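Numbering (our numbering), first residue to last: 42 to 127.
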Amino acid sequence: MARAKAVRQPDLVLITWTRNPLVPGSARRITAVRIIGNTQPCTFTLVRNGLLINALNCLLDHDIGFRIVFQKKTSTISGYLLLQRN
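#1: Taking only runs that begin and end inside the segment 43-86, name each unbroken beta strand (DSSP E) of 3 or more residues, in chain order.
#2: Can you tell me whether D102 is buried or exposed? The criterion is at least 16 other CB atoms within 10 Å of its CB, across all chains shown.
#3: For F111, write down the residues that DSSP places opposite it in a beta bridge.
#4: Give the range of the alpha helix (DSSP H) segment to which N98 is assigned.
#5: Using the Cβ count rule (16 or more neighbours within 10 Å means buried), how would you classify F107?
#6: As a quick exercise: from T117, T115, Q50, A68, pick the residue whose alpha carbon is nearest that of L97.
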């Protein structure tokens, strides 16, 4: 009898971000995060009011394996990103 193997589901991270509208060119900060699966070893960077660049630097590291599958600016000071790791 053949054994069925479970297919590993992808890890997903949805991040919403915003900039300070009173400071032109201000850094993007995380406003909310939703995680499906596992984000180790980058979980500590995915915190509310944390810098988006720090989270992306960790998640997009070649050894971690995440990639941006969708991103959208919802206004001049806000947006969201969806990252996936297979």
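In this text, a Cβ means the ideal position worked out from N, Cα and C, and glycines have one as well.
From a predicted model like this one, the values you see are computed outputs, not experimental measurements.
Let me lay it out:
#1: Runs of the beta strand (DSSP E) spanning 3 or more residues and lying entirely within the segment 43-86 occur at 52-59, 70-77, in chain order.
#2: Locating residue 102 in the sequence shown gives position 61, counting from the first residue. Under the 10 Å beta carbon count, D102 is surrounded by fewer than 16 other beta carbons and is classified as exposed.
#3: Within the sequence shown, numbered from 1, the residue matching residue 111 stands at position 70. L123, per the DSSP bridge assignment.
#4: Against the sequence shown, residue 98 aligns to sequence position 57. Following the DSSP letters along the chain, one finds N98 inside the alpha helix (DSSP H) bounded by residues 93-100.
#5: Against the sequence shown, residue 107 aligns to sequence position 66. With 16 or more other Cβ atoms within 10 Å, it is buried.
#6: Here residue 97 is taken as the residue at index 56 of the sequence shown, counted from 1. Among T117, T115, Q50, A68, the Cα nearest to that of L97 belongs to A68.
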